[in-house]
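>
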Amino acid sequence: MKYLSRVEDKMLQERLEAFGAVLIEGPKWTGKTTTAEQQAKSIIKLQNPDKANEYLATAKTKPSLLLKGDQPRLIDEWQDAPMLWDAVRTAVDDAGGVPGQYILTGSNTVDKTQIRHTGTGRITRMKMYPMSLWESLESSGEISIHELFYNPNYDIDGATSKLDIPELIYVACRGGWPATLQMKSKAAMLIAKDYVNSVCENDISAVDGRQRNPKVARQILRSYARNISTLAKKTSILADVTASEDITLTMNTYDDYISALERLFVIQDIDAWCPAIRSKTSLRSAPKRCFVDPSIAVAAMNISVEEMETQLKTFGFIFEQMCIRDLKIYTADFNSRISYYRDRYGLEADLVLHLEDGRYALIECKLGSSEIDKGAEHLLELKRLIQEHNQTEKQVPLREPDLLIVMTGGTMAYTRQDGVKVIPLACLKD
1 MKYLSRVEDK
11 MLQERLEAFG
21 AVLIEGPKWT
31 GKTTTAEQQA
41 KSIIKLQNPD
51 KANEYLATAK
61 TKPSLLLKGD
71 QPRLIDEWQD
81 APMLWDAVRT
91 AVDDAGGVPG
101 QYILTGSNTV
111 DKTQIRHTGT
121 GRITRMKMYP
131 MSLWESLESS
141 GEISIHELFY
151 NPNYDIDGAT
161 SKLDIPELIY
171 VACRGGWPAT
181 LQMKSKAAML
191 IAKDYVNSVC
201 ENDISAVDGR
211 QRNPKVARQI
221 LRSYARNIST
231 LAKKTSILAD
241 VTASEDITLT
251 MNTYDDYISA
261 LERLFVIQDI
271 DAWCPAIRSK
281 TSLRSAPKRC
291 FVDPSIAVAA
301 MNISVEEMET
311 QLKTFGFIFE
321 QMCIRDLKIY
331 TADFNSRISY
341 YRDRYGLEAD
351 LVLHLEDGRY
361 ALIECKLGSS
371 EIDKGAEHLL
381 ELKRLIQEHN
391 QTEKQVPLRE
401 PDLLIVMTGG
411 TMAYTRQDGV
421 KVIPLACLKD
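Here's what the structure looks like:
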């Protein structure tokens with residue numbers, strides 16, 4: 001299988017040139033190991049069934065033995081032997097902090113009590129996601145998100161999407177899992193379903209050795225999926241999970257399941273952006289419910305591509321998830337973060353993309369062209385409120401948005417007369 005370049009390739013190379021060790025973390029099946037292997041010169045896979053017990057025994061007695069090998073040395077699924085973290089940190093120190101010694105990969109976070117040192121200055125972290133449309137060769141890549149921020153004269157007009165709505169539905173339901181790209185359509189649809197099964201039947205208990213009920217996990221994922229891209233309260237999701245008489249669940253237990261799903265990088269909610277442009281009591285501050293990949297929601301709800309084509313309102317929420325995933329990937333080297341804005345007056349920005357240097361874009365995700373005007377209206381009104389705030393509250397000015405974007409499932413990009421940029425998702429790249 002031919003290796004397809006990832007946005008993370010350059011990030012990994014740059015970090016290996018600056019730090020003694022790099023940790024690549026993210027959900028399983030996203031290609032972390034394969035990406036790391038492109039730059040590693042030796043590898044040890046802790047989950048190798050023929051050697052796993054031997055590796056774990058060695059890690060407990062003398063972990064430094066597992067670090068021997070040509071560098072960069074890849075330690076795959078290092079979280080199976082958490083003591084390796086401190087061993088790597090010590091080895092980096094002993095070598096005088098020489099860059100590019102180790103690459104670690106992991107598909108779940110580790111309890112911090114199991115490691116003695118944060119690794120700051122020795123081990124840097126980078127996140128990896130399922131593949132974006134650009135990485136899977138399904139975006140035209142005619143519009144660079146970097147250029148949008150850095151080049152004020154960047155012309156997007158006329159850039160064309162490679163995907164129509166039915167094709168967007170297919171790639172969202174299939175997901176960004178690398179293994180699916182070489183499969184026929186029907187087979188590719190099974191990957192996300194198997195991912196959900198694996199999480200519920202095995203991973204949610206294996207993540208910390210605590211037995212959890214697969215049926216409860218499955219019901220939580222299904223309810224989360226039904227509330228995807230919304231501000232559904234925990235109490236509402238819990239009520240949905242326990243609606244059937246055969247499941248009883250306390251809030252504390254529900255929180256425990258959610259924490260495990262977050263540690264597995266399955267659930268990745270986004271927080272509210274709360275600028276002081278209206279009364280604080282008017283702002284919605286609940287997290288927006290999100291998965292790391294839209295296909296997880298589709299699989300959890302057990303909806304087929306054909307069914308999704310008749311449920312475009314539901315697909316609008318799934319489309320927003322795909323926008324979030326791809327934007328995170330394209331701006332990962334900016335140390336970006338994504339939030340949302342919504343107040344009780346109905347004013348919203350589906351997404352707020354923040355860069356580390358303070359620049360940000362207000363974004364509305366609108367699947368069809370009929371919704372573009374409404375999305376642009378929201379963004380312009382929010383910008384006006386910020387300007388109004390700055391005129392009356394000069395001591396604490398807010399930065400005005402650098403970009404106003406309506407992301408669509410349409411075919412062509414253009415800049416409106418009011419300055420709002422209309423961009424099909426399948427035109428973007430990093």
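Just so we're aligned: the sequence shown equals residues 1 to 430 in full-length UniProt numbering.
Even for Gly, the Cβ is constructed at its ideal location relative to N, Cα and C.
On a CA-only basis, which of A413, L380, V207, D50 is nearest Y257? Give me that one, please.
In the sequence shown, residue 257 corresponds to position 257, counting from 1. Selected option, being the one with the closest Cα: V207.
> Beta carbon of A297, beta carbon of Y340: below 8 Å?
Looking up residue 297 in the sequence shown gives position 297. Looking up residue 340 in the sequence shown gives position 340. No, they are not a contact pair.
> Using C-beta distances below 7 Å, list every residue in its chain close to D269, excluding the 5 sequence neighbours before and after it, in chain order.
Looking up residue 269 in the sequence shown gives position 269. The residues are P287, K288, R289, C290.
> Pick out whichever of G106, M126, L148, A188 has its Cα sitting closest to the Cα of L353.
Counting from 1 along the sequence shown, the entry for residue 353 is found at position 353. The candidate whose alpha carbon is nearest that of L353 is L148.
> Could you tell me how far apart the beta carbons of P63 and A52 are, in whole angstroms, since I believe they sit closer than 8 Å?
Position 63 of the sequence shown, counted from the start, is the residue given in the question as residue 63. Position 52 of the sequence shown, counted from the start, is the residue given in the question as residue 52. That pair is no contact at about 15 Å.
> Using the rule of at least 16 other Cβ atoms within 10 Å of the residue's Cβ for burial, across every protein chain shown, is V22 buried or exposed?
Working through the sequence shown from its first residue, we reach residue 22 at position 22. So V22 ends up on the buried side.
> Do the region 70–81 and the region 34–50 touch if we need at least three Cβ pairs shorter than 8 Å?
At 8 Å Cβ cutoff, the stretches touch.
> Any heavy atom of the ligand NAD closer than 7 Å to the Cβ of A413?
Absence of the ligand NAD is noted for the structure shown, with no ligands found whatsoever.
> How long is the line joining the alpha carbons of S370 and K162, rounded to whole angstroms?
By 1-based counting over the sequence shown, the position of residue 370 is 370. By 1-based counting over the sequence shown, the position of residue 162 is 162. If you take the alpha carbons of S370 and K162, they lie about 20 Å apart.
> If contact is defined by three or more beta carbon pairs under 8 Å, each pair taking one atom from either stretch, is the region 176–195 in contact with the region 229–245?
Segments in contact, no.
> Between the region 318–334 and the region 234–247, are three or more C-beta pairs nearer than 8 Å?
Cβ pair count under 8 Å is below three, so no.
> Check whether the region 358–367 touches the region 396–409, counting contact only when three or more Cβ pairs, one atom from each stretch, lie closer than 8 Å.
Taking 8 Å as the limit for Cβ pairs, the verdict is that the region 396–409 does touch the region 358–367.
> Residues in the same chain with beta-carbon distance under 7 Å from G100, minus the five sequence neighbours each way, listed in chain order, please.
Walking along the sequence shown from the start, residue 100 turns up at place 100. For G100, where only same-chain residues beyond five positions count, the Cβ hits under 7 Å are L16, E17, Q71, P72.
> Indicate whether the contact test is met: 3 or more Cβ pairs, each with one atom in the region 307–321 and one in the region 372–391, closer than 8 Å.
The region 307–321 vs the region 372–391: no contact.
> Buried or exposed: which applies to Y224, given that a residue is buried once 16 or more other Cβ atoms fall within 10 Å of its Cβ?
Here residue 224 refers to the residue found at position 224 when the sequence shown is read from its first residue. Under this definition Y224 is a buried residue.
> In chain order, what residues of the same chain have a beta carbon less than 6 Å from the beta carbon of P397, not counting five sequence neighbours either side?
Taking the sequence shown and counting its residues from 1, one reaches residue 397 at position 397. Result list for P397: N390, in chain order.
> Less than 8 Å separating the beta-carbons of G20 and R122?
Numbered from 1 along the sequence shown, position 20 holds the residue referred to as residue 20. Numbered from 1 along the sequence shown, position 122 holds the residue referred to as residue 122. Cβ distance < 8 Å, so G20 and R122 count as in contact.
> I believe D293 touches P130 by the beta-carbon criterion, under 8 Å. Please report the beta-carbon distance rounded to the nearest angstrom.
Here residue 293 corresponds to residue number 293 of the sequence shown, with the count starting at 1. Here residue 130 corresponds to residue number 130 of the sequence shown, with the count starting at 1. Right, their Cβ atoms sit about 4 Å apart.
> If you compare alpha carbons, which of V199, T33, A188, G346 is closest to A300?
Residue mapping note: residue 300 aligns to position 300 of the sequence shown, counting from 1. Here the closest residue by C-alpha is V199.
> Whose CA, out of D350, S140, K28, D94, lies closest to the CA of L425?
Your numbering for residue 425 matches position 425 in the sequence shown. L425 has its Cα closest to that of S140, out of D350, S140, K28, D94.
> Using the rule of at least 16 other Cβ atoms within 10 Å of the residue's Cβ for burial, across every protein chain shown, is L65 buried or exposed?
In the sequence shown, counting from the first residue as 1, residue 65 sits at position 65. By the 10 Å Cβ count, L65 comes out exposed.
> Kindly indicate the opening and closing residues of the alpha helix (DSSP H) around I267.
As a first step, residue 267 must be located in the sequence shown, where it is residue number 267. No alpha helix (DSSP H) holds I267; DSSP gives it neither H nor E.
> Looking only at DSSP bridge pairs, what is K68 linked to?
In the sequence shown, residue 68 corresponds to position 68, counting from 1. DSSP lists no partner for K68.
> Checking 8 Å against the spacing of the C-beta atoms, do Y360 and D418 come in under that value?
Here the question's residue 360 lines up with position 360 in the sequence shown. Here the question's residue 418 lines up with position 418 in the sequence shown. Not in contact: Y360 and D418 (Cβ atoms no closer than 8 Å).
> Cβ of C427 within 8 Å of Cβ of A159?
Reading the sequence shown from its first residue, position 427 is the one you call residue 427. Reading the sequence shown from its first residue, position 159 is the one you call residue 159. Against a cut-off of 8 Å, the Cβ pair of A159 and C427 comes out as a contact.
> Compare the Cα-Cα distances from N213 to each of I44, V92, E201 and report the closest residue.
Translated into positions along the sequence shown, residue 213 becomes position 213. Selected option, being the one with the closest Cα: E201.
> Given this structure, state the Cα-to-Cα distance separating L190 from N302, to the nearest angstrom.
To locate residue 190, count along the sequence shown from 1; it is residue 190. To locate residue 302, count along the sequence shown from 1; it is residue 302. Using only the alpha carbons, I get a separation of about 11 Å.
> Evaluate P27 with the Cβ neighbour count: other Cβ atoms within 10 Å of its Cβ, from every protein chain shown; 16 or more gives buried, anything less gives exposed.
Residue numbering aside, residue 27 sits at position 27 when the sequence shown is read from its first letter. Under this definition P27 is a buried residue.
> From this set, I165, H146, I237, which residue's C-alpha is nearest R226's C-alpha?
Here residue 226 refers to the residue found at position 226 of the sequence shown. Residue I237 is the option with its Cα nearest to R226.
> DSSP beta-bridge partners for E167?
Along the sequence shown, read from residue 1 onward, the residue named residue 167 stands at position 167. According to DSSP, which records beta bridges pairwise, E167 is partnered with nothing at all.
> By the DSSP assignment, the alpha helix (DSSP H) with P214 in it spans what residues?
Counting from 1 along the sequence shown, the entry for residue 214 is found at position 214. 214–226 is the extent of the alpha helix (DSSP H) around P214.
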